[in-house]
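Undergrad: Sharing a structure with you now.
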Amino acid sequence: MERTSHVIRGGRANYKQFSKCSFEGFSRNYPPELRNVLHPNEYDSIIRNINLNSIKTKKTSTLKVVAVSGEVLWIALIGIPIVIGCMVADKIIYQRFYKKITKNIQTILFQLNSSELCISRGIEFSLHKSSKTMAGFEYSINISYLKLSGGRTQSTIMNISAVPSSRRSNNSSATTSTTTNIVNNYHNTNQAPLSTKQNSTGKPTDLTNIPIDK
1 MERTSHVIRG GRANYKQFSK CSFEGFSRNY PPELRNVLHP NEYDSIIRNI
51 NLNSIKTKKT STLKVVAVSG EVLWIALIGI PIVIGCMVAD KIIYQRFYKK
101 ITKNIQTILF QLNSSELCIS RGIEFSLHKS SKTMAGFEYS INISYLKLSG
151 GRTQSTIMNI SAVPSSRRSN NSSATTSTTT NIVNNYHNTN QAPLSTKQNS
201 TGKPTDLTNI PIDK
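Residue numbers for the sequence shown follow the UniProt record's numbering, so the first one is 1 and each next one is one higher.
Laid out in structure tokens, this is it:
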């Protein structure tokens with residue numbers, strides 16, 4: 001049993017203090033490592049559904065106006081509490097924004113892991129989120145699956161990564177990843193690969209419309 005990994009980078013993300021924060025989601029480029037596990041259309045449906053519920057932009061134009069006004073009044077000391085208040089508000093907005101994104105992705109991955117497709121093929125999705133830094137957070141999705149080869153089963157992991165924030169482009173630093181496991185393992189070593197097992201219609205399973213609670 002050999003464990004390998006593959007990393008796919010996500011789209012660019014930007015953060016402007018007192019202005020906006022955004023997350024652009026994960027890459028939909030099909031990794032060839034999954035050719036016997038997920039059909040390209042199934043993979044695209046999964047990533048498209050995740051991105052649909054996680055790609056967001058939060059604009060805080062009003063906060064920027066107040067912060068600039070506070071900086072102008074800083075000399076008169078009147079602006080000190082204004083600037084401090086804006087900094088606190090900016091931090092709260094930022095944390096809530098990415099907390100919501102994390103929750104949405106976790107919900108989708110849990111539903112995927114509970115689906116017949118993942119259970120029957122021994123596929124498991126889990127979310128990784130790095131520790132917080134000035135550069136923000138970095139997300140990755142691990143796809144664990146059972147690969148049948150010569151009657152033996154080996155576990156392989158693929159990482160789909162995306163960087164949801166760049167709070168200061170000139171102040172980025174390396175981060176240490178911590179893992180958030182959100183589901184139980186579903187492994188079935190007796191299932192055939194995708195090339196011999198599809199849904200009842202003989203077509204790749206469509207995972208586009210997996211619902212998510214708002």
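A virtual CB, placed ideally from N, CA and C, is assigned to each residue, including glycine. Note that this is a predicted model, so its numbers are computed, not measured.
Which residues share a DSSP beta bridge with residue 107?
TA: Residue 107 pairs with nothing; no bridge assigned.
Undergrad: Taking the straight line between their C-alpha atoms, what separation do you get for residue 138 and residue 97?
TA: Whole-angstrom Cα-Cα distance: 14 Å.
Undergrad: Just to confirm before moving on: does the CB-CB distance between residue 58 and residue 20 stay below 8 Å?
TA: yes
Undergrad: If you follow the beta strand (DSSP E) that residue 126 is part of, which residue opens it and which one closes it?
TA: 124-130
Undergrad: Do you know offhand how far residue 90's Cα is from residue 17's?
TA: 7 Å
Undergrad: For residue 60, does the three-state DSSP call read helix, strand or coil?
TA: Correct three-state label for residue 60: coil.
Undergrad: Pairing CB atoms from the segment 77-89 with CB atoms from the segment 105-119, are three or more of them under 8 Å?
TA: Touching, no, given that fewer than three Cβ pairs across the two stretches are closer than 8 Å.
Undergrad: Answer yes or no: do residue 47 and residue 66 have a C-beta to C-beta separation smaller than 8 Å?
TA: no
Undergrad: Just the C-alpha distance for residue 95 and residue 140, rounded to the nearest angstrom, thanks.
TA: Distance from the CA atom of residue 95 to the CA atom of residue 140, rounded to whole angstroms, is 18 Å.
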